[in-house]
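Encoded as structure tokens, the structure appears first; notes follow it.
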Amino acid sequence: MNRLITLLFISTLNNISFGQIDANGNPIFNSVTLKEEVLDSCSISLNYYTLKGNIDTKKSSVFISNNPTLDQIQNAAINLPSDFYVLSKNQSLICMIMILNSPQRGFLVVNPQTGEQKEYKCKLKGDISENRAKEIIENKYDNKSNISNEILFFNGKKLKIYTNNDAKSAVFNLIKSEKFDKIKATNIKTLTQEETKEIILKETKQGGKFDFFTPIKGKEYDGIQIKPGVFSTKIGIALYNWGKATYEIGLNKLEDAYSIFSEFKGRQLNEREKEYIKLGFNRELEK
């Protein structure tokens, strides 16, 4: 999903206080698209607000610390929004549906064009979403954490998980009962991952917005100071900026960034190229 759409969504929310904003005044809360499905004549995508890259990143609106404690992670995992759904027809947005966790469980539905929003009751039971529970395990915040029988054991606590299937059913039922799928789509368009790829390839060509390479031609291996005490080469920074740009335009997976750059170069990437692209994709120099 295009991150501009994500920012547009959260910029309308009055339920959460966002501290950090981008150059256009939008709050920064990074997300990834996990799945896309068809609902009758509409498309619906499941998107997830990650903990990593948000609570540990200074430019995120929900930044806590470079190294948040287990208690801070637990509080964020339970209270911060986790999943949101985007309903569209022919790639034109209809509405966005967020599952609110705090101060009470509910649905927040937003018209992305007008900013109009409305809350609905949500009967989902549980302390934490399945996606968030899985991320906590994957990030290895707590070596003793595990998931068993839809219970997350984390930080000495037992947290009941509401599953992706339960969440999807609740959202689909809301869409049907409120007839959101019958609403006229807005003029706001979303990009598919394939369209995003084509834009990246086009803009990476000479003179494009992602062409960080032509300006340093012949000087690729000149040294440059990134910040006090940290040095790199100009080609390293160019690769970093390219990786960062692909993330910001809406690319979801690092592996896709590798694949696109490999297609652009017409060869397999070397380990140095992969490392710098990874650093940029994860915005490591900005943490």
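In our numbering, the protein residues as written are 3 to 289. Glycine residues also receive a C-beta, built at the ideal position from the N, C-alpha and C atoms. All values reported here derive from a predicted model rather than from experimental measurement.
Item                                                                                                                  : Value
Separation of I239 from G252, as counted between CA atoms                                                             : 20 Å
Short Cβ contact (8 Å threshold) for A79 with V64                                                                     : no
Exposure of E140, with buried meaning 16 or more beta-carbon neighbours within 10 Å                                   : exposed
Cα-Cα separation, G117 to M98                                                                                         : 10 Å
Secondary structure of S104, DSSP reduced to three states                                                             : coil
C-alpha distance - Q76 paired with I101, whole-angstrom precision                                                     : 18 Å
Status (buried if at least 16 other CB within 10 Å, exposed otherwise) for V232                                       : exposed
Residue environment, P83, which counts as buried when at least 16 other CB atoms sit within 10 Å                      : buried
Contact belief for E265 with L203 at Cβ below 8 Å, rounded distance in angstroms                                      : 7 Å
Collapsed DSSP secondary structure at D42 in the structure displayed                                                  : coil
Residue interval of the beta strand (DSSP E) (run including V88)                                                      : 85 to 91
Element boundaries [beta strand (DSSP E), containing N148]                                                            : 148 to 150
Helix, strand or coil at K136 [DSSP, three-state]                                                                     : helix
8 Å CB neighbourhood of K136 in its chain, flanking five on each side removed                                         : I149
CB-CB length for L41 against N49, believed under 8 Å                                                                  : The Cβ separation is near 15 Å, so there is no contact.
4 or more residues per run - each alpha helix (DSSP H) lying fully within the region 180 to 215                       : 195 to 206
The region 171 to 191 touching the region 104 to 115, judged by at least three CB pairs closer than 8 Å               : yes
Proximity below 8 Å, CB of F309 to CB of L89                                                                          : The structure shown does not extend to residue 309, since the chain is modelled only from 3 through 289, so no value can be given for it.
Distance between Y87 and Q93 (C-alpha atoms, nearest Å)                                                               : 14 Å
Residue ranges of each alpha helix (DSSP H) within the region 214 to 239, 4 or longer                                 : none
C-alpha gap between Q119 and F109, whole angstroms                                                                    : 10 Å
From Y143, E196, N81, S67, residue whose alpha carbon lies closest to that of D129                                    : N81
Residue(s) in a DSSP beta bridge with T35                                                                             : N49
Neighbourhood of K236 by C-beta distance below 6 Å, restricted to the same chain and skipping five residues each side : I218, K221, E222, D224, I226
Whole-angstrom distance between K280 and K255, CA atom to CA atom                                                     : 10 Å
Endpoints, the alpha helix (DSSP H) within which Y260 is located                                                      : 256 to 267
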